[in-house]
Amino acid sequence: MIVLLVLVFVIIILVDVPPLIKQRMWRELAAFSVLFIIGVVYSLGQFYHWPLPNPVKGLEMLFTIKP
Amino acid sequence: MGSDKLTSKMKVSWVQICLLYISAKISVAAVALPALTAAPYPNRDLWLIPFLAAPAILLVGNIAVKLGEYFPRKTIVEYSKTLTGPFIGTLIAILYSWWYIYMAALGLRISSDFFLTGFLPDTPISVLIGAVMLTSVYAARRGYQVVARVNQVLFPVIVSLILILFFLALPQVRLTNLTPVMAGGLPHLVLNSITPIAFFSDIINIVMIAPFITNTTQTPRIVKWGVSASTLFLLIMLFSVITFLGIDVARGLIYPGLVVARQIDIADFIQRVEVLLVLIWLAGIFVSITLGLIWASLALAQGFNLISYEPMVLPLALVVTVTTFLLGDNVLEYSALFHPGFIAPYYLTYSLFIPLILLILAHIKYGRPSRPDTPINSEIDANADT
C-alpha cells in the first residue's frame, strides 16, 4: 500500500516537474512544491496515523453556531 | 492569465456554464439529498423548500452578476487584489482555493461512500477515489472547454435518467403522504431550507468561470436559468421521495433516492433501476470535481501571479484526496458538515459575505459599473441566440 502511495508521488513529480524546470518557471515550481509537500505530509500522516491538525475539525469549531 | 493559449482552451458559452452548474447540483440533490437528510425538522413540507430557496439563491447569484459588471474579464481573485490590495487579495485567493478543495473533497467522499455502501461493499475506498480523481485531473488540466463539452454530452443523460426515475416511481406515489400541507408551520420550513440555500449558493462560483465566457453580457442568464432548473430538479427529487416513501420512512435514511430507486417495480419486469442513479452520480461527480480542481488551482495561480494553473492540478488532486479522509471516519460523522448551524455560516461567508464586501468596495471605488448592463427582458430573447 505504501509502495503504491510512493509510486503516485513519483508519477506526480515526473509529470509536472521536468516541464517546469525546462521552461524555468520557478514561481510555479515553488507553488507546486508547497502544495505537493502538504499533500505528501497529510497522506503519509493518514497512512501512519500521525497526529496532524485536522483543518476540517478547525472549521467546525470556527463556524458552528450553537442555537 | 491573458495568454491566447489559455483563453482559447478556457472559452465557454453561457449555456455550457449553466449546464455545468445544473449537472453538478442535481447529482448531489439526487443521491445525497442534503435538503432532506440534513433538515433539522424533517416534516412533510420539505418539498416546499425550493420555493423558498430559489429566490434566495437568485439573490446570491445576482451579487456575482453585479461583480461581473464591474470586472467583466476578471475572476474574483484578480479583482479582490485590485480592490483590497495584494496581501488581502492573496489571502482571499487561498481562502477560496480551500473552499473549492473542501467542496470537491466532500462530493468525492459522499460519492465514494455511496458506491461502497450501495454497490461495491468489498472495494477499498482509495480505489474509487483514485479512479474518479484520475479522470478529473485529466480533464482539469485541459481547461474549462473540455469539461464543458463532456458535460454537454452527459447533461441530457443525467436529465433524462432523473426524469425516467421520476416517471417509473409515479405509479407508487401516494399524494396523501403530502397532507396535511404546512402542518409543520412556516418557521420550521424556513429553518429546513437553510441547508439547501447554503448548499446551492455556490452559484456564486460563476465568478471563477464567467470571465471566460464568450459574451459577458450573458452572465445574468446563467444565474436565471441555472438556479431555476436546479431548484426545479430539487423539487422533483424531494417530491418523489416524500410521496413515494412517506416522511416517516424517508427521514431515517442516508440515501433516500437510492431506496426509492430500489423499490421501483413495474409489473415484475422493470426492476433494480438504481443503476441509473449510479450513472447520474458518476456524471455529476466528474463535473463537480473537475470544476473544483480548476477553480482551486486557478485561484491559487492568480493569487500568486503564476503564468499557468496546470502545474497546480496534480498536487491539488493529492490534497483533495487527503481532505476526503479528513472529513470524518464515517457517513454519520461527515453528515454533520451539512448541519445548518455549520454549513450556513461556512458557505455563506464565501458565497455572500466576501462577495458583498467586494461589491461594496467596488461601488465606493468606481461608482456605477462603467459597462451598461444589456437588459434581457423576454424569455424569447434569451432563447433566440443560443
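Chains as they are written, first to last, in this note's numbering: chain A, 1 to 67; chain B, 68 to 453.
Even glycine gets a Cβ: it sits at the ideal position worked out from N, Cα and C.
These numbers were taken from a predicted model, which means no experiment stands behind them.
**Q.** Interface partners of Ile374(B) on chain A, CB under 7 Å
**A.** Met25 and Glu28
Q) Nearest to Leu242(B) by CA position, among Ile84(B), Gly434(B), Lys432(B) and Arg111(B), is which residue? A) Arg111(B)
Q: Report the partner residues of Val79(B) according to the DSSP bridge assignment.
A: Ile280(B)
Q.
Here's the rule I'm using: 16 or more other beta-carbon atoms within 10 Å means buried, otherwise exposed. How should Ile168(B) be labelled?
A. buried
(Q) Tell me the DSSP secondary structure of Thr453(B) in three-state form. (A) Its pLDDT being 39, under 50, Thr453(B) is placed unreliably in this model, and the value from its coordinates should be taken loosely. Three-state result, Thr453(B): coil.
Q | Sequence-distant residues of its chain with Cβ nearer than 7 Å to Ser43(A) (five each side left out) | A | Leu5
Q | alpha helix (DSSP H) segments (min. 4 residues) lying fully within the stretch 291-351 of chain B | A | 314-317 and 323-330
Q) Taking just the CA atoms, how far does Met25(A) sit from Tyr376(B)? A) 12 Å
Q) Between Gln219(B) and the rest of its own chain, which residues show a CB-CB distance below 7 Å, the 5 nearest in sequence each way excluded? A) Gln83 and Leu86
Q.
For Ala172(B) and Leu367(B), which I take to be in contact (beta-carbon distance under 8 Å), what is that distance rounded to the nearest angstrom?
A. Not really, about 16 Å apart at Cβ, beyond 8 Å.
Q: Tell me whether Pro287(B) is buried or exposed, calling it buried when 16 or more other Cβ atoms sit within 10 Å of its Cβ.
A: buried
(Q) Relative to the C-alpha of Ala96(B), which candidate in Gly319(B), Ile276(B), Ser307(B) and Ala277(B) has its C-alpha closest? (A) Ser307(B)
Q | Interface flag, Leu245(B) vs chain A, CB-CB below 8 Å | A | no
Q. Is there a Cβ from chain A that is less than 8 Å from the Cβ of Gly135(B)?
A. no
Q. Residues of chain A with CB under 9 Å from Gly252(B), in chain order?
A. Those within 9 Å of Gly252(B) in chain A number zero; the least Cβ separation is about 17 Å.
(Q) Any beta carbon of chain B sitting closer than 8 Å to that of Leu7(A)? (A) no
**Q.** Proximal chain E residues relative to Val56(A), where beta-carbon distance stays under 9 Å
**A.** Looking for chain E here will not work: the only protein chains present are A and B.
Q) Using CA coordinates, which residue listed in Val389(B), Pro412(B) and Leu426(B) is at the minimum distance from His49(A)? A) Val389(B)
Q: Identify which residue in Val290(B), Leu162(B) and Thr391(B) has its Cα closest to the Cα of Ile192(B).
A: Thr391(B)
**Q.** Gly156(B) classed as buried or exposed, judged by whether at least 16 other C-beta atoms fall within 10 angstroms
**A.** buried
Q.
Within 10 Å of its beta-carbon, does Arg435(B) have 16 or more other beta-carbons around it, so buried, or fewer, so exposed?
A. exposed
Q. Under the rule that 16 or more other beta-carbon atoms within 10 Å means buried, what is Phe47(A), buried or exposed?
A. exposed
Q | Under the three-state DSSP convention, the category Trp114(B) falls into | A | helix
**Q.** Beta-carbon separation (whole angstroms), Leu14(A) vs Met379(B), contact threshold 8 Å
**A.** No, Leu14(A) and Met379(B) are not in contact; Cβ-Cβ is about 17 Å, not under 8 Å.
Q | Residues of its chain near Tyr108(B), where Cβ-Cβ distance is below 8 Å and the 5 sequence neighbours each way are ignored | A | Gly251, His255, Leu258 and Asn259
(Q) What are the residues in the stretch 82-98 of chain B lying within 7 Å of chain A by C-beta distance? (A) none
Q: Compare the Cα-Cα distances from Val98(B) to each of Val345(B), Lys78(B) and Ile273(B) and report the closest residue.
A: Val345(B)
Q: Go ahead and pull the three-state DSSP assignment for Leu373(B).
A: coil
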